[in-house]
Amino acid sequence: MDTDRDRLAARRAAMRAAGHWRDETLLDHLARAVAGRPDHTAIVARRSEGGAARRITYGGLDRLSTLVAMSLRERGVGRGDVVSFQLPNWWEFSVLHLACLKLGAVSNPLMVIFRERELGFMLALAEAKVLVVPARFRGFDYPAMVANVRDRLPALRHVVVVGGEGAEGFDALLAPAGDSAGFVPVPPGPDDVIQLLYTSGTTGEPKGVTHSSNTMLSNLAPFAERLGLGAGDVIHMPSPLAHQLGFMYGIVLPVMLGGTAVLQDIFAAPEMARQIRDEGATFTMGATPFLNDLTEHVAQSGEATPSLRVFVSAGAPIPRALVAKARPTLGAAIVSAWGMSENGAVTTTRLDDAEEKATTTDGCPLPGIELRVVDAEGRNVPPGEQGSLQVRGCSNFLGYLKRPELDPSDPDGWFDTGDLARMDAEGYIRIAGRSKDIIIRGGENIPVVEVEGLLFRHPAIAEVAVVGFPDARLGERACAYVRLREGAALTLEEMVAYLQEQRMARQYMPERLEIVTELPRTPSGKIQKFRLREMARTSPA
Ligand code: ADP
218 MDTDRDRLAA RRAAMRAAGH WRDETLLDHL ARAVAGRPDH TAIVARRSEG
268 GAARRITYGG LDRLSTLVAM SLRERGVGRG DVVSFQLPNW WEFSVLHLAC
318 LKLGAVSNPL MVIFRERELG FMLALAEAKV LVVPARFRGF DYPAMVANVR
368 DRLPALRHVV VVGGEGAEGF DALLAPAGDS AGFVPVPPGP DDVIQLLYTS
418 GTTGEPKGVT HSSNTMLSNL APFAERLGLG AGDVIHMPSP LAHQLGFMYG
468 IVLPVMLGGT AVLQDIFAAP EMARQIRDEG ATFTMGATPF LNDLTEHVAQ
518 SGEATPSLRV FVSAGAPIPR ALVAKARPTL GAAIVSAWGM SENGAVTTTR
568 LDDAEEKATT TDGCPLPGIE LRVVDAEGRN VPPGEQGSLQ VRGCSNFLGY
618 LKRPELDPSD PDGWFDTGDL ARMDAEGYIR IAGRSKDIII RGGENIPVVE
668 VEGLLFRHPA IAEVAVVGFP DARLGERACA YVRLREGAAL TLEEMVAYLQ
718 EQRMARQYMP ERLEIVTELP RTPSGKIQKF RLREMARTSP A
């Protein structure tokens, strides 16, 4: 997989010299865990829709990933090939990632909410060789969806079905033809692409973020150090493993620590509380709704989670009042963090921060990564003033797959995040808004430009703009403002039915429709979304 070699070489020299890139892969950490504590539990995963909890030791994880690696190799997967997996938080997810590492292949996690539209685009751009899907999850038939897009995917050689039968079933990957004693892994180089993760497009199509072992591990080492995480920790992960948050902190971090991962596949706060209690989880991480729901559940039921030491909240704006309530209710440190698929958790609050910092900021940068807040001319703004948030450093990604022109990084390596922030005199930031056009609904980013593009083709719609409006639990929901063609009519149900026909992920669809005779515009003709947001906020549906 191509990366910009010159840019990487310069960056590599600086990162190596500073000690941020240590040239290890997760397989080095796995080997240490296997050598040190082969019987220690690496993964606990319960399937909500039937099936007992599966517990896998480090020795087991190593064996399973070798078997899967062998089977993938027998199916033609080698160095640099993309293996896509559209799976819930099941143990197979972690095993597949480690198997890919053993082949030098690229893991491409895909969200279970994606439908033909997203899936077809993403698999085609990645030229995925193998795709792994569930037979069914939440009543949805994944193999049937894949059948609808497969003829558009000439590179796709195999579809493997977890819960499927025969040669296409995941069990077949656990039974390779060869003898595992003879397996020789071909691990990736520390700067090779190991992960391809799509992020919501702000430009009309999803962007494929690429990471190496160095970019990923250089975030996790200082993260673990700052939060005091080690081999004794039990990490509960309710966030999707196919998000960067779930992937890095639910798959990679536990193996790096030699600790235990507890994976939850369908989020419900009572089940989360139960798993934390049963497994003695010490650490968890998720977007604001997870924190909100767990706090409400514990407050109302009195079912405490005494083992929990740290809850990291990230991925969406974090209300101060929630942090203030969650701390005493959960009896855990509530750490606010800010980050992106492109660079992991860049800022976090510290465990020993004063109350004011802990509840009113999104933290300060981890070692190895710098932040700046700039004005429209690219000049640093004074502390406390709002500007564009830019990042550079060790965990920043390698680039967007086949779309280098979409990377806004300047020649000095500053990456413009599309977020607006204020930074205080001590370097702590608070996210204040976004310049990029996305809506964050419950931690899930809605690609506004794509939704608008589809709606624009509807025969009844002359003009459309999609904006977010506040929601107490999910943070934001999407509202479509529509100007109709002469004599046309449109209801919310019709609009949703139309988007369903386009096979778009349901979570992307606007939940509110407002018909207007005119959309507010600037003198130059640009739609004034801030006005629409104001309208949506002040005239609730
Ligand atoms: P992830 O996979 O972690 O959700 P994404 O790349 O999908 O990452 O989303 C990143 C975006 O989420 C950020 O650019 C920002 O807009 C938003 N975000 C993340 N953390 C925070 C935070 N603490 N406060 C406000 N917004 C946040």
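Quick note on my numbering: the sequence shown kicks off at 218 and runs consecutively. Idealized CB from N, CA, C, for every residue including glycine. A quick note: this is a predicted structure, and the numbers were derived from the prediction, not measured.
At the C-beta level, valine 323 and leucine 413 come within 8 Å of one another.
Contact annotation: the stretch 608 to 628 does not touch the stretch 469 to 482, with fewer than three C-beta pairs closer than 8 Å. Taking C-beta atoms as the reference points, serine 288 and leucine 390 count as a pair closer than 8 Å. Excluding five sequence positions before and after arginine 355, the CB atoms of its chain that fall closer than 8 Å to its own CB belong to Glu266, Val329, Ile483, given in chain order. Spanning the alpha carbons of glutamate 309 and glycine 297 requires a straight line of approximately 21 Å.
Look at lysine 346 here: in three-state DSSP terms it is coil, with no helix or strand label.
Leucine 470 carries a helical assignment under DSSP once its states are collapsed to helix, strand and coil. For threonine 477, DSSP records a beta bridge to Val451. Under the DSSP assignment, proline 545 falls in the alpha helix (DSSP H) whose first and last residues are 537 to 547. Relative to arginine 647, the option among Gly604, Pro360, Ala543, Ser756 whose CA is nearest is Gly604. Contact between leucine 474 and aspartate 450 is confirmed by a C-beta separation of about 6 Å, below the 8 Å threshold.
Within the same chain, Cβ atoms closer than 7 Å to the Cβ of glutamate 241 are found at Pro407, Ser430, Leu434, the five residues on either side in sequence being excluded. Segment contact: the stretch 413 to 428 against the stretch 526 to 540, fewer than three CB-CB distances shorter than 8 Å; contact not assigned. DSSP places histidine 314 inside the alpha helix (DSSP H), whose first and last residues are 308 to 320. The beta strand (DSSP E) runs of length 3 or more contained entirely in the stretch 362 to 425 are, from start to end of the chain, 375 to 379, 410 to 416. Under the three-state reduction of DSSP output, serine 435 falls in the helix class.
DSSP places valine 681 inside the beta strand (DSSP E), whose first and last residues are 678 to 688.
Between threonine 565 and valine 529, the beta carbon gap of about 7 Å places them in contact (Cβ cut-off 8 Å). With contacts defined by Cβ atoms closer than 8 Å, phenylalanine 500 and valine 472 do not form a contacting pair.
A straight-line Cα-Cα distance of about 13 Å links alanine 248 and histidine 257.
Straight-line spacing of the CA atoms in serine 553 and glycine 532 works out to 10 Å. Restricting attention to alpha helix (DSSP H) runs no shorter than 4 residues, the stretch 619 to 705 encloses them at 665 to 673, ordered along the chain. Between threonine 419 and glycine 635, the C-beta spacing is below 8 Å. At a cut-off of 7 Å, the beta-carbon of arginine 651 counts as near the ligand ADP: some heavy atom of the ligand is closer than that. Taking a contact as a CB-CB distance under 8 Å, the pair glycine 337 and valine 366 counts as one, their CB atoms being some 4 Å apart.
With a beta-carbon spacing of about 15 Å, leucine 606 and leucine 583 fall beyond the 8 Å limit used to define contacts. Ranked by Cα distance from glycine 293, the options Arg254, Val347, Ala270 are led by Val347. Cβ contact annotation for valine 668 (same chain, cutoff 6 Å, sequence separation greater than five): Val683, Tyr725, in chain order.
A residue is called buried once 16 or more other Cβ atoms fall within 10 Å of its Cβ, and valine 403, having fewer, is exposed.
Closer than 7 Å to some heavy atom of the ligand ADP: that describes the Cβ of aspartate 579. Residue range 323 to 327 is occupied by the beta strand (DSSP E) that includes serine 324, with no alpha helix (DSSP H) assigned at that position.
Contact between glycine 630 and arginine 596 does not hold, since the beta-carbon distance rounds to 18 Å and is not under 8 Å. Following the DSSP letters along the chain, one finds alanine 226 inside the alpha helix (DSSP H) bounded by residues 222 to 234. Not one heavy atom of the ligand ADP falls within 7 Å of the beta-carbon of tryptophan 307. The continuous beta strand (DSSP E) containing alanine 554 extends over residues 550 to 557. In terms of Cα proximity to arginine 674, the closest of Ile273, Leu340, Arg700 is Arg700.
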